[in-house]
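Participant: Have a look at the structure that comes next, please.
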Amino acid sequence: MLEKRATKTLAIFQNFYGKINNFFFTTPSPTEQVVSLMPKGTPRGNVLLSYRIERFLIEPGQPIPYYHYSCQLSVVMARIFVDLGFAVDIIANTNGAFS
Numbered sequence: 366m367l368e369k370r371a372t373k374t375l376a377i378f379q380n381f382y383g384k385i386n387n388f389f390f391t392t393p394s395p396t397e398q399v400v401s402l403m404p405k406g407t408p409r410g411n412v413l414l415s416y417r418i419e420r421f422l423i424e425p426g427q428p429i430p431y432y433h434y435s436c437q438l439s440v441v442m443a444r445i446f447v448d449l450g451f452a453v454d455i456i457a458n459t460n461g462a463f464s
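One rule links them: number in the working numbering = place in the sequence shown (from 1) + 365.
Right, here's the structure in full:
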């Protein structure tokens, strides 16, 4: 009886620990994400834009961040490169994990 209870308690703990671990360690923070934009057709080359990424991460219906002009500036820069035919990867300028 005691063994069954210990086994059940251990299973509950492992399930809880797994969920907590997944939440904190497998969900990348916004500063560690990469957003990729592709042009129509074959890319002429690749561009890595290391600036502000917040504007690229919002979901439809969420308010657009306007707390600093650089959020919109990063969108304008990326759009210019895509319009010129380049594939663009956008990372946060604070992304220390990018390689």
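Here a beta-carbon is modelled for each residue, glycine too, at the ideal position from N, C-alpha and C.
Since F451 and R409 should fall inside the 8 Å C-beta cutoff, what is the C-beta to C-beta distance between them, to a whole number of angstroms?
Facilitator: 6 Å
Participant: According to the Cβ coordinates, are A457 and L414 closer than 7 Å?
Facilitator: The answer is no: Cβ separation not under 7 Å.
Participant: Just the Cα atoms here: how many angstroms apart are Y358 and K373?
Facilitator: As displayed, the chain neither begins before 366 nor continues past 464, which places residue 358 out of reach and without an answer.
Participant: Short of 7 Å in beta carbon distance, which residues of its chain neighbour C436, apart from the five on each side in sequence? Order them along the chain.
Facilitator: R417, E419, R420, P430
Participant: What does DSSP give as the partner residue(s) for S401 in the beta ladder?
Facilitator: Per DSSP, D454.
Participant: Do T396 and T459 have their C-beta atoms within less than 7 Å of each other?
Facilitator: yes
Participant: So, is I445 buried or exposed, given that buried needs 16 or more other C-beta atoms within 10 angstroms?
Facilitator: It counts as exposed.
Participant: Under the assumption that V472 contacts V412 (Cβ atoms under 8 Å), give the Cβ distance between them as a whole number of angstroms.
Facilitator: For the chain, the structure presents residues 366 to 464; residue 472 sits outside this window and is missing.
Participant: Can you tell me where the beta strand (DSSP E) with S435 in it begins and where it stops?
Facilitator: The continuous stretches of beta strand (DSSP E) do not include S435, which lies in the alpha helix (DSSP H) extending over residues 435-448.
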